[in-house]
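*Asks:* With UniProt numbering, the residue at position 47 of the sequence shown is 47, and numbering never jumps. Provided herewith is a single structure, encoded as structure tokens, for subsequent inquiry.
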Amino acid sequence: MKYLQFLKDHPTADSFTNKGISDAEIRHLEELYNNSRSFPVALKELLSLAGNFCHALDYNIYDSQEELQTEEREELKDLYDLTIERPFFFIDLVSYGLPVFVFLDEGDDPPVNQMVNNPTKEKYYERVGGTLQSYVISRIRYYQKWYPDHKKN
Numbered sequence: 001m002k003y004l005q006f007l008k009d010h011p012t013a014d015s016f017t018n019k020g021i022s023d024a025e026i027r028h029l030e031e032l033y034n035n036s037r038s039f040p041v042a043l044k045e046l047l048s049l050a051g052n053f054c055h056a057l058d059y060n061i062y063d064s065q066e067e068l069q070t071e072e073r074e075e076l077k078d079l080y081d082l083t084i085e086r087p088f089f090f091i092d093l094v095s096y097g098l099p100v101f102v103f104l105d106e107g108d109d110p111p112v113n114q115m116v117n118n119p120t121k122e123k124y125y126e127r128v129g130g131t132l133q134s135y136v137i138s139r140i141r142y143y144q145k146w147y148p149d150h151k152k153n
């Protein structure tokens with residue numbers, strides 16, 4: 001682990017345990033959402049450790065990453081007539097209607113972005129500050145406040 005060792009070291013919160021997806025599933029997602037190019041390292045680590053379920057991130061009601069990515073993209077198109085041309089990947093649906101995502105062409109630990117209210121083609125996101133690594137760590141630390149038995153480091 002280069003970026004998400006902290007996530008690996010903290011796989012549970014209360015009774016919730018992270019569940020990853022396989023390398024084959026990750027490759028399939030790369031084909032669909034990154035023109036068969038490799039995902040950033042931090043995103044691959046996130047998916048392998050917690051792509052099916054992550055106690056620190058919200059994947060909402062979706063049964064798979066493919067369903068999450070497809071449905072959220074369709075919602076942007078249906079509600080706002082917005083199609084994002086750059087390769088990107090939703091990582092957290094913590095705020096209904098304002099999903100958090102990374103662009104897939106911004107390095108191995110990409111900056112994190114969040115959709116804005118009433119997005120347009122000219123202005124549809126803002127940087128939340130920090131990278132995928134720091135975002136995941138901050139979410140884990142946030143949950144550590146609510147789960148006192150959660151191992152803190």
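Ideal Cβ placement from N, Cα and C applies to all residues, glycine included. The structure presented is a predicted model; accordingly, all values stated were derived computationally and were not measured.
Just list the beta strand (DSSP E) runs in the region 76-129, keeping only unbroken ones of 3 residues or longer that don't cross its boundaries, in chain order.
*Replies:* You should have 88-92, 100-103 and 111-115.
*Asks:* For phenylalanine 6, does the three-state DSSP call read helix, strand or coil?
*Replies:* For the purposes of this step, residue 6 is taken as residue 6 along the sequence shown, with counting starting at 1. If DSSP states are grouped into helix, strand and coil, phenylalanine 6 belongs with the helices.
*Asks:* Which of the three DSSP states, helix, strand or coil, is assigned to alanine 13?
*Replies:* Translated into the one-based positions of the sequence shown, residue 13 becomes position 13. Reduced to three states, the DSSP call for alanine 13 is strand.
*Asks:* Taking 7 Å as the limit between beta carbons, can you name the residues of its chain near phenylalanine 101, skipping five residues before and five after?
*Replies:* Along the sequence shown, read from residue 1 onward, the residue named residue 101 stands at position 101. Correct list, in chain order: Phe88, Phe89, Phe90, Ile91 and Asn113.
*Asks:* Cα separation between isoleucine 137 and phenylalanine 53?
*Replies:* Mapped onto the sequence shown, residue 137 falls at position 137. Mapped onto the sequence shown, residue 53 falls at position 53. For isoleucine 137 and phenylalanine 53, the distance between alpha carbons rounds to 16 Å.
*Asks:* Would you say the region 104-113 touches the region 125-134, given that touching needs at least three Cβ pairs under 8 Å?
*Replies:* Touching, per the Cβ criterion.
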